[in-house]
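*Asks:* One structure is given below, represented as structure tokens, and several questions about it will come after.
Okay, here's the thing in structure tokens:
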């Protein structure tokens, strides 16, 4: 049976300083797909023993300890092979309830972010219209 973690339990591992983190470990969750909509689970990893070997250094891993580090992991360009290599560090999974919360949160932020991304286009159109008006009426 897979050990289940809640987000609250995961938070015990937060802190960049070893003394701040539970047992000095670096533990975080990462969804099993780049897109939250396609995720089926969030695995929990203890990467404490991998810190010295991580090509990007240990600071980024310590900064993301105790949280859902999915976006940070996938946005940096990690490959499916990198995800496969992480399998040896899996110590459990987030609860189904917390997986659902994270997926809903990601979905809401992507929907909310869509409207904000239209702002530069609107500003550009207003500037073009103002420039056209100035040209035509002067």
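In the numbering used here, the protein residues as written are 1 to 138. Beta carbons: idealized from backbone N, C-alpha and C, even for Gly.
1) Which residues mark the beginning and the end of the beta strand (DSSP E) in which residue 94 is found?
2) Since I believe residue 62 is in contact with residue 16 (beta carbons under 8 Å), could you give me their beta-carbon distance rounded to a whole number of angstroms?
3) Give me, in chain order, the residues of the same chain whose beta-carbon lies closer than 6 Å to that of residue 95; leave out the 5 immediate sequence neighbours on both sides.
4) Could you give the C-beta distance for residue 44 and residue 90, rounded to a whole number, given that I count them as a contact under 8 Å?
5) Our contact map puts residue 28 next to residue 69 with C-beta atoms below 8 Å; I'd like the distance itself, whole angstroms only.
6) In the DSSP assignment, find the alpha helix (DSSP H) that holds residue 75 and state where it starts and stops.
7) Between residue 57 and residue 82, what straight-line distance do the alpha-carbon atoms span, to the nearest angstrom?
8) Assuming residue 36 and residue 102 form a contact by the criterion Cβ under 8 Å, report the distance between their Cβ atoms to the nearest whole angstrom.
9) Between residue 21 and residue 65, how many whole angstroms is the CB-CB distance? I'm expecting something under 8 Å.
10) Distance check for residue 106 and residue 54, CA to CA, integer angstroms please.
11) Count the other C-beta atoms from every protein chain shown that fall within 10 angstroms of the C-beta of residue 42, then say buried if there are 16 or more, exposed otherwise.
12) In this structure, what does DSSP give as the bridge partners for residue 38?
13) Compute the distance between the beta-carbons of residue 40 and residue 26, then report whether it is under 8 Å.
14) So, helix, strand or coil for residue 46, using DSSP?
*Replies:* According to the structure data:
1) One-based indexing of the chain shown puts residue 94 at position 94. Where residue 94 is concerned, the enclosing beta strand (DSSP E) stretches over 90-94.
2) The residue you call residue 16 lines up with position 16 of the chain shown. The residue you call residue 62 lines up with position 62 of the chain shown. About 5 Å; that satisfies the 8 Å criterion.
3) As a first step, residue 95 must be located in the chain shown, where it is residue number 95. Cβ within range, chain order: 4, 6.
4) Numbered from 1 along the chain shown, position 44 holds the residue referred to as residue 44. Numbered from 1 along the chain shown, position 90 holds the residue referred to as residue 90. Right, their Cβ atoms sit about 7 Å apart.
5) In the chain shown, the residue the question calls residue 28 occupies position 28. In the chain shown, the residue the question calls residue 69 occupies position 69. Yes, residue 28 and residue 69 are in contact; Cβ-Cβ is about 4 Å, under 8 Å.
6) Counting from one through the chain shown, the residue named residue 75 turns up at place 75. Run containing residue 75: 70-75, per the alpha helix (DSSP H) assignment.
7) In the chain shown, residue 57 corresponds to position 57, counting from 1. In the chain shown, residue 82 corresponds to position 82, counting from 1. If I take the Cα positions, the gap works out to 15 Å.
8) For this step, residue 36 is matched to residue 36 along the chain shown. For this step, residue 102 is matched to residue 102 along the chain shown. At roughly 7 Å, the Cβ-Cβ gap stays under 8 Å, so residue 36 and residue 102 are in contact.
9) For the purposes of this step, residue 21 is taken as residue 21 along the chain shown, with counting starting at 1. For the purposes of this step, residue 65 is taken as residue 65 along the chain shown, with counting starting at 1. At roughly 6 Å, the Cβ-Cβ gap stays under 8 Å, so residue 21 and residue 65 are in contact.
10) In the chain shown, residue 54 corresponds to position 54, counting from 1. In the chain shown, residue 106 corresponds to position 106, counting from 1. Rounded to whole angstroms, residue 54 to residue 106 spans 27 Å at the Cα level.
11) By one-based count along the chain shown, residue 42 stands at place 42. Classification of residue 42: buried, given that the 10 Å Cβ count is 16 or more.
12) For the purposes of this step, residue 38 is taken as the residue at position 38 of the chain shown. Beta-bridge pairing links residue 38 to no other residue.
13) For this step, residue 40 is matched to residue 40 along the chain shown. For this step, residue 26 is matched to residue 26 along the chain shown. Cβ distance not < 8 Å, so residue 40 and residue 26 don't count as in contact.
14) Here the question's residue 46 lines up with position 46 in the chain shown. It is a strand residue.
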